[in-house]
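In what follows, a structure is listed as C-alpha cells, so that the remarks can point back to it.
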Amino acid sequence: MNEIVLDIKGLDVTYRATHGDVQAVRGVDLAVRRGEILGIAGESGSGKSTLAVALLRLLKPPGHVTGGSAMFHPAGRSPVDLLEVDGEELRVLRWSALSYLPQGSMSSLNPVMRVQEQFKDVILEHAPARKASLGELIPRLLGQVGLEPRVARMYPHELSGGMKQRVLMAIAVALEPDLVIADEPTTALDVTIQRVILQSLADLRTDFGVTLMVISHDMGVHAQLADRVAVMYEGRLVEVGDVRQVFKDPQHAYTRQLIESIPRLGRRRAS
Amino acid sequence: MRLLHAVLRTIRNSRRLATGLAILAAMILVALFSPLIIKLIGGGTNPIEVAAYEKWLVPSADHLLGTDQFGRDVFAMVISALSVSLQIGAIAGVISTVVGVIVAFVSGYKGGWIDGVLSTFTGVLLVIPTFPLLVALSAYAKNVTLFQVGVMISIFAWPFAAKTIRSQVLSLRSRPYVDLARVTKARDMEIIVTELLPNLLPFIGVGFASSALGAIFGLVGLEVIGLGPGGVIDLGHIIFNAINTGALTLGAWPMFVVPIVLLTALFAALNMVNIGLEEVYNPRLRGVAGE
Amino acid sequence: MTAEAPPVVTVDKSQASAPPTGVRAWLSRHPLAAYAIRRFGLYLVELWGALTITFFFFRLMPGDPVRTLIQTLQQNYIYNAEASAELIARYRTEFGLDGNLFSQYIKYMEKLFLHGDMGPSLINYPTPAQTVILRALPWTIALLGISAVLAWILGVIIGAIAGWRRGKLGSRITTNLAIALAHVPYFFVALILVYVFAYTLGMLPARSAYDSSITPGITPEFIGSVLKYGLLPGLSIVVIGTFGWILSTRMLMVPILGEDYLVYAEAKGLKGSRILTRYALRNCYLPQITAFGISLGFIFNGNVLVEQLFNYPGLGTTLVTAIQQLDFNTILGVTNIAIFSVLTAVLLLDLLLPLLDPRVKYWK
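Protein chains in written order, with the numbering used here: chain A, 727 to 997; chain B, 0 to 290; chain C, 44 to 407.
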C-alpha cells in the first residue's frame, strides 16, 4: 500500500473578490496512497472543500488555482497533472479514473431524470461497451449500497436523504475509478443512516480497492473510517498521519481542539 | 430622500436599466420641448399646419425630413407625434398600473375565491386575442382627446401590470414581516401601504413599462389599418399616411422610416427598463464578480 | 424528578382508515384525471366568459348594420313603406338583431353552440358567416401555426445556448439584439421586408397566398407556390417571435447555471452538449410550453395586420374587411374562432404538462 495514486505539491487556491483576494488553500503538500482511506479534517472555511473541488477541476470563478501541481497516477494510464490537463483529455479522465461523491443533501441528482438514467449516461459515456449489460449492472450497483432494484425507476424527489447519498455512492464507483473524492458524505443525515453510509464507504475500499479521500468536519467520521487523516486549518495543512496516532498524540494545537470537540459519553466538557 | 438614493443606486447597478432610462429620458425631453422645437423649425410659420410648405419635398437642409402630402414639415410632424405617443403611453401606463395594482393587491392579499375569480379574469384577458375588441372600441373614437385615447387603451393594457404584480404580492405575503405587522393588529390597508408597497415599487415599475409598451403597441396596430382615433396625430398615424399615400414610391422615405425607428427605439427602451429592473431584483440574473 | 407513567393514548382503529367511497374515491386514486377534469371545467368557464364579453362588446358598437343594408338596397330598388318595415323586421331577425340585448345574446349562444351557426355575413349575404370564416381558417392556421412553432423552437434553442454561454461575446450580442427587437410589431418587419424583397428586389411576391394561375391541389407546384407566397408574411412573424423566445428562455436558463446537478454532470465527464440538453434545458423549458399557448393570442393580434398587408386570405384579412363594412356576424365569428382556438391550445398544453414534468404534483 505504498504506491502513490495522487501526489499534491504546493497547491494554492485563491478567491478573487471585488474587495481583494482571499487565499483559500496555501501551499498544501499531500500524498494519497493507493487503496487507503484518507480523511481531510477541519472546520468550515479551513479550505478542505476548496481543496477537493480544485482537485476535481470543478472550481469556478471567482476561485482560481494559483499554484502547485497534483500528479495523478491512474492504473493503466500515463500519469497526468490534474491541475494542468484540459478539454477532452480531462473529460475522458473524469469518472472512469477520478470520481466525485457529493453531499446527499445537495441536489446533485438531475431532478428530471430517473435514477437509472443517471447511471446510464455516465456509464455509456465512458464505457459504451457495457451497454448490453446495463440491465444487470445497475441493480447490482444499487444492491451493493443496500438499495432495492426498484429504486432505479424512481425520480430523485422520491428518495430520502440517505437513499440519495447511497445512489450517489453507487454511481461514484460504477466505473471502478482509481480515486473517489467524497465531500461531507454524512453531513445532514440521521445518525443511524450515517452508520450505514460509513459502513458502505468502508466496504467500497474492501470490495473494490477504491482509494477514498473523505472530506469531513466531523472528527468522528475520520475516527471510524479513515486510515490516515490530514488536518487543515486556515488553508494550511497542519498535521498528517495515521489516524490512531493523530488521535492519541496530536502534534498541533488545533488538532487537539478538533479532537476534544467530539462529544463523548460520561465526560463533561472542559470549561 | 432615502427613496431617491435607493432609486439612484438601483439605476447604477444595471447598465441595461440605465440605458433604457436614458433613451426614455431623451425622448421625454424632446417631447417636453416639442413646442419650442417646432417653433424653431418653423421660424415664423407653423410647420405642421396644412400647406405650410410645398408638398412632397425631398429631404434637404431646409426640411431635414422633407414634407408630406399636405405640405407639412415631416421633422416637425414627427416631433409633435412623438410627444403625443409618449403622452398616450404615459397616461395608459399610469391608469393600467393603478388598476393593475389594485386588482393584484386585492387578489394576492385576500386570496381565496376572490383571488380565483380575479386571476382567472386577468388570465383570460391576457390570453385571448384582444385586437378585435380594440377595434370595436375604436368605433367610438372618431374624435376624442388625447387623454380619452389613453383611458381607452388602458382598458386593454392593465392585465399586463396586474399579472406581474400579483405574483410578487403572493410571494411577499408569506414573508415574516407581514405576519408581524398583522400581529400588531394593523388594519389590512395599513399593512398594504406600509409593508408591502415599498418592496413592490420595482415591480410596479415593471408593470408600468409593460402596460405602456402594450398600450402604444395596440394603438399603433389600430392606426396602421386606419382605425385609430382621430383628432390627434401620433407616430402610428404618420406611418398610416405613409403607407396610404405610397410615400415610399415617391421617395419620401423619412415619413415611413423615421416613425418606425422611433417606435422601435421606444419599445426597446421600455424593454430594457423591464429587463434591467428584473435583473436588479433577481440577482441570479446578473454577472458574477471576477467573471 | 420521579418518572410518571406517560399518558396512554388509545387509537380508535375503526374510524381511522375507512376508505372513501364513490366518485371521491376514484378521483383520489387518479389524481391526474381529477386535475384534467378540473382544468376542463375551468376551460368551459373561461370560454363562456370570453364569448359573452365579446358579444356584448360588439353589440355595443355604434352603427346599425341593417339600416345600412336597407339603404343600399333602397338605392337600387323602390319599396313602399309597408314592405320596407316588413323587410327591415325580417332582416333584423335574420341577423339576430331583434329583441332586447339579452334575448339577442341567448339566441346567439343557442345558435352558436347547438348549430355552429354564426348568422349570415353582411358582405356576402346570404352566405353564412361561418362559411366565410372556415374558408379563411386553414390559411391562418398554416401561416400562424408554422410561424409560431418555428419561432418557438428556434428561440428556445438559441436562448438556451445564449444563457449557457452567458458572458461570451456571441451570447451578449444576441441578448442585446433580442432586447432591442423582441417587441417590434410584426407589421413593421413586414413593411421592411416588402420594401426590400418585393418592391426593390422583386424576388418575392407581396400579395395573396399563392399564384392565382396555379390550380389548388396537392401538387408540388401548388405547394411550392404557397410556400413562396407565405415566406414574407411568415418571416415577419418568425424573426420577431424568435427574439422574444430567445430572451425568455435565456432568463430561465441563467438562474440554474449554478445548480448542483450541473456541477455533478460536469464532474461525471459528460459532453457539454449533453449537459446543455439533458440537464440544463430539460430543467427550464417547461414554463416555455405553457408560455407558448399564452402567446398565441398575442401572435394572432400581430398576424391580423400582417395578413392585411399581404392581402393573405386568412382570418386577419377577413376580420379587417368585416370591420370596415360593419359585418357584425363575421367580426364576432372571427373573434370567437380565435378565442376558441387560443383557449383550446392553452388547455391542451396544460393537460400535456403533467406528462412532461415528473416533479410537480397536480393534485392540489
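Heads up, the beta-carbon is just placed ideally off N, CA and C, and yes, glycines get one too.
Owing to the predicted nature of the structure, the values given are computational and were not obtained by experimental measurement.
By alpha-carbon distance to threonine 373 of chain C, the top candidate from C:Thr320, C:Leu358, C:Val306 is C:Leu358. Within 10 angstroms of the beta-carbon of valine 116 of chain B lie fewer than 16 other beta-carbons, which makes it exposed.
Alanine 267 of chain B reaches chain C at Ile222, Ala223, Leu224, Ala225, His226, Val227, counting residues in chain order whose Cβ is nearer than 9 Å. The Cβ of threonine 66 of chain B sits no closer than 9 Å to any Cβ of chain C. The beta carbon of leucine 324 of chain C sits closer than 6 Å to those of Ala203, all from its chain and outside the five residues before and after it, given in chain order. Membership of valine 811 of chain A in any alpha helix (DSSP H) is not indicated, and neither H nor E is assigned to it by DSSP.
Look at histidine 943 of chain A here: in three-state DSSP terms it is coil, with no helix or strand label. Going by beta carbons, glycine 789 of chain A and arginine 742 of chain A fall inside the 9 Å limit. Considered as a whole, the region 892-965 of chain A harbours 917-934, 945-951 as its complete alpha helix (DSSP H) runs of no fewer than 4 residues, in chain order. In this structure, the alpha-carbon of arginine 803 of chain A lies about 32 Å from that of alanine 878 of chain A. Taking 8 Å as the upper bound for CB-CB distance, leucine 835 of chain A and valine 893 of chain A are in contact here, some 7 Å apart. CA-to-CA, the gap between tyrosine 980 of chain A and leucine 951 of chain A works out to about 21 Å.
Interface annotation, histidine 790 of chain A: not in contact with chain C, CB-CB separation never under 9 Å. Collapsing the DSSP output to three states places glycine 736 of chain A in a strand. Contact between leucine 236 of chain C and leucine 275 of chain C is confirmed by a C-beta separation of about 5 Å, below the 8 Å threshold.
Minimum Cα-Cα distance from glycine 227 of chain B among the listed residues B:Ile274, B:Pro131, B:Ala75 corresponds to B:Pro131. At a beta-carbon threshold of 7 Å, none of the residues of chain C lie near alanine 103 of chain B; the nearest stands roughly 18 Å away. Here DSSP, grouped into helix, strand and coil, assigns valine 223 of chain B to coil.
Rounded to whole angstroms, methionine 294 of chain C and glycine 206 of chain C show a C-alpha spacing of 7 Å. Burial check for histidine 943 of chain A: the Cβ neighbour count within 10 Å reaches 16 or more, so the residue is buried.
With 16 or more neighbouring CB atoms inside 10 Å of its own CB, lysine 890 of chain A falls in the buried class. Between leucine 863 of chain A and phenylalanine 845 of chain A, the CB-CB gap stays under 9 Å. When Cβ pairs closer than 8 Å are counted between the two stretches, the region 71-85 of chain B is seen to touch the region 19-36 of chain B, the count reaching three or more. Of the residues A:Thr740, A:Arg970, A:Leu938, A:Pro882, the one whose Cα lies closest to the Cα of serine 833 of chain A is A:Pro882. Taken atom to atom, the span from the alpha-carbon of glycine 794 of chain A to that of lysine 735 of chain A is near 6 Å. According to DSSP, alanine 796 of chain A shares a beta bridge with A:Ile734. Taking a C-beta cut-off of 8 Å against chain A, none of the residues of the region 182-201 of chain C qualify.
Between methionine 254 of chain B and the set B:Arg8, B:Gly220, B:Gly235, the nearest pair of CA atoms involves B:Gly235. For aspartate 747 of chain A, the uninterrupted beta strand (DSSP E) segment begins and ends at 746-759. In this structure, the CA atom of proline 397 of chain C is about 48 Å from the CA atom of serine 256 of chain C. Within a 10 Å sphere around the beta-carbon of leucine 220 of chain C sit fewer than 16 other beta-carbons, which makes this residue exposed. Between the alpha carbons of leucine 391 of chain C and isoleucine 332 of chain C lies a distance of about 11 Å. Counting C-beta atoms within 10 angstroms of its own C-beta, arginine 15 of chain B has 16 or more neighbours from the protein chains shown and is therefore classed as buried. With a cutoff of 9 Å on beta-carbon distance, glycine 345 of chain C and proline 248 of chain C are scored as not near each other.
Under the 9 Å criterion on CB atoms, threonine 378 of chain C is classed as interfacial with respect to chain B.
Exposure of arginine 8 of chain B is indicated by the presence of fewer than 16 other C-beta atoms within 10 angstroms of its C-beta.
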